[in-house]
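J.:
Residue numbers (full-length UniProt numbering): 1 to 282.
Take a look at the structure:
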């Protein structure tokens, strides 16, 4: 039998039966140790230490006292119908949202210039959260003008989708502004579980982007595609966008934000949008 007692090797002789028993016991011990290590490694794939939280992520990131809910809609319009679609929206949407009977506001409405072509993007705000949304939906079902609008609009669309959003507490609330401006909607699909981390970095980073009023609004999804973030920016033109985005790298700390937030992203998209005549954001 070879045993190891560092730093020397010691040889001893056992009777045959005892030797066999020892070998069996040793194999059983090593097999048991191996299984324990495998079990421990396997369990580590599924068992993680979770920091206790006393509130939902949405409540930690948003403006609780205001409870604003936003809806963003993406309409892909038949190319030959885009002008007629815009005219229809201009005739109907402002009159509905100007009525105090409906607790909602049209924040902005745009056509995509660069990005998905022949696309319309609409953003609404519901002051009062989900109850306000439900109230508006119930009232619109009884609105004959809106019913006719939806029927006519349906003839012009190839597809449509929407999301319900909350606004980040550290972003500006979107307010009407004069033009002319172009708008950029930057949309980020985050890795699940990283929304709090994203919010922590951008709560510090947003101060770098507010000095010339390009920051319009920041939102994260609640219903629809989840772990989606939308940042809305305004610029005078494409060149001012380029100059503004290049200048931000002169601020200490910006490179850190980019370094730590890029790994959180699964997919990102940028739309350059032109406001329609009906849009409060011009």
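We put the CB at the ideal spot given by N, CA and C, even for glycine. Just so you know, these numbers come straight off a predicted model, no measurement behind them.
Which complete beta strand (DSSP E) runs does the segment 78-144 hold, if anything under 3 residues is left out?
T.: For the segment 78-144, whole beta strand (DSSP E) runs of length 3 or above, ordered along the chain, are 105-114, 119-127.
J.: Span of the beta strand (DSSP E) holding residue 238?
T.: What you label residue 238 is simply residue 238 of the chain shown in a count that begins at 1. Here residue 238 belongs to no beta strand (DSSP E); instead the alpha helix (DSSP H) covers 238-247.
J.: Excluding the 5 residues preceding and the 5 following residue 181 in the sequence, name in chain order all residues of the same chain whose CB lies nearer than 6 Å to its CB.
T.: Reading the chain shown from its first residue, position 181 is the one you call residue 181. Closer than 6 Å at Cβ, skipping near neighbours: 234.
J.: In chain order, what residues of the same chain have a beta carbon less than 8 Å from the beta carbon of residue 144, not counting five sequence neighbours either side?
T.: Indexing the chain shown from 1 puts residue 144 at position 144. Same-chain partners within the cutoff: there are none.
J.: For residue 174, which of 129, 195, 213, 163 has the nearest alpha-carbon?
T.: Translated into the one-based positions of the chain shown, residue 174 becomes position 174. Ranking 129, 195, 213, 163 by Cα distance to residue 174 puts 213 first.
J.: If residue 110 sits next to residue 274, beta carbons under 8 Å apart, how far is it from one beta carbon to the other, in whole angstroms?
T.: By 1-based counting over the chain shown, the position of residue 110 is 110. By 1-based counting over the chain shown, the position of residue 274 is 274. Contact flag correct, Cβ pair sits at about 6 Å.
J.: Residues in the same chain with beta-carbon distance under 7 Å from residue 185, minus the five sequence neighbours each way, listed in chain order, please.
T.: Within the chain shown, numbered from 1, the residue matching residue 185 stands at position 185. Excluding sequence neighbours, residue 185 sits near 121, 230, 232, 271, 273.
J.: Among 78, 80, 146, which has the Cα closest to the Cα of residue 99?
T.: Start at 1 with the first residue of the chain shown, and residue 99 comes out as number 99. For the residues 78, 80, 146, the minimum Cα distance to residue 99 belongs to 146.
J.: Do residue 106 and residue 97 have their beta-carbon atoms positioned less than 8 Å apart in this structure?
T.: Residue mapping note: residue 97 aligns to position 97 of the chain shown, counting from 1. Residue mapping note: residue 106 aligns to position 106 of the chain shown, counting from 1. Against a cut-off of 8 Å, the Cβ pair of residue 106 and residue 97 comes out as a contact.
J.: Can you name the residues that DSSP bridges to residue 148?
T.: Taking the chain shown and counting its residues from 1, the one referred to as residue 148 is at position 148. Residue 148 pairs with nothing; no bridge assigned.
J.: With 16 as the cutoff for other CB atoms within 10 Å, does residue 205 come out buried or exposed?
T.: By 1-based counting over the chain shown, the position of residue 205 is 205. Residue 205 comes out buried.
J.: Could you check whether the Cβ of residue 176 sits closer than 8 Å to any Cβ belonging to chain B?
T.: Of the protein chains in the structure, only one exists, and it is not chain B.
J.: The alpha helix (DSSP H) that contains residue 278, what's its start and end?
T.: Position 278 of the chain shown, counted from the first residue, corresponds to residue 278. Careful: residue 278 lies outside any alpha helix (DSSP H) and carries neither H nor E.
J.: Would residue 71 be called buried (16 or more neighbouring beta carbons within 10 Å of its own) or exposed?
T.: The count along the chain shown starts at 1 and reaches residue 71 at position 71. Residue 71 should be labelled buried.
J.: So the candidates are 68, 156, 268; which of them puts its Cα closest to the Cα of residue 86?
T.: Indexing the chain shown from 1 puts residue 86 at position 86. If we check each option's Cα against that of residue 86, 156 comes out closest.
J.: At 4 residues or longer, and completely inside the segment 170-249: list those alpha helix (DSSP H) runs for me, N to C.
T.: Segments of the alpha helix (DSSP H) lying fully in the segment 170-249: 195-205, 238-247.
J.: Starting from residue 261, trace the alpha helix (DSSP H) both ways and give me its first and last residue.
T.: Position 261 of the chain shown holds residue 261. Where residue 261 is concerned, the enclosing alpha helix (DSSP H) stretches over 254-261.
J.: Tell me which same chain residues have a C-beta within less than 8 Å of the C-beta of residue 190, skipping the five on either side of it?
T.: Your numbering for residue 190 matches position 190 in the chain shown. Closer than 8 Å at Cβ, skipping near neighbours: 198, 227, 228, 229, 264, 265, 266.
J.: Classify residue 69 as helix, strand or coil using the three-state DSSP reduction.
T.: To locate residue 69, count along the chain shown from 1; it is residue 69. Looking at residue 69 - three-state DSSP - the assignment turns out to be strand.
J.: Return the residue from the list 281, 209, 243 that minimises the CA-CA distance to residue 252.
T.: One-based indexing of the chain shown puts residue 252 at position 252. Closest option to residue 252, Cα to Cα, is 209.
J.: Go to residue 164, then tell me how far its beta strand (DSSP E) extends in each direction, as first and last residue.
T.: On the chain shown, residue 164 is found 164 positions in, with the first residue counted as 1. Here the beta strand (DSSP E) through residue 164 covers 157-167.
J.: Based on the DSSP secondary-structure assignment, which residues constitute the bridge partners of residue 267?
T.: Within the chain shown, the letter at position 267 stands for residue 267. In the DSSP output, where bridge partners are listed per residue, residue 267 has 189.
J.: So, residue 126 versus residue 162, is the Cβ gap smaller than 8 Å?
T.: Numbered from 1 along the chain shown, position 126 holds the residue referred to as residue 126. Numbered from 1 along the chain shown, position 162 holds the residue referred to as residue 162. For residue 126 and residue 162, no; Cβs fall outside 8 Å.
J.: For residue 74 and residue 119, what's the separation of their Cα atoms in angstroms?
T.: Walking along the chain shown from the start, residue 74 turns up at place 74. Walking along the chain shown from the start, residue 119 turns up at place 119. When rounded, the distance between both Cα atoms is 7 Å.
J.: Should residue 179 go down as buried or exposed, given a rule of 16 or more other Cβ atoms within 10 Å for buried?
T.: Here residue 179 is taken as the residue at index 179 of the chain shown, counted from 1. It counts as exposed.
J.: Starting from the C-beta of residue 279, find all residues in its chain whose C-beta is less than 7 Å away, skip the five residues before and the five after it, and write them out in chain order.
T.: As a working mapping, residue 279 is identified with position 279 in the chain shown. Closer than 7 Å at Cβ, skipping near neighbours: 108, 109, 110.
J.: For residue 244 and residue 196, what's the separation of their Cα atoms in angstroms?
T.: If you number the chain shown from 1, residue 244 lands on position 244. If you number the chain shown from 1, residue 196 lands on position 196. Taking the straight line from one Cα to the other gives about 27 Å.
J.: According to DSSP, what are the bridge partners of residue 75?
T.: Indexing the chain shown from 1 puts residue 75 at position 75. Bridge partners of residue 75: 120, 160.
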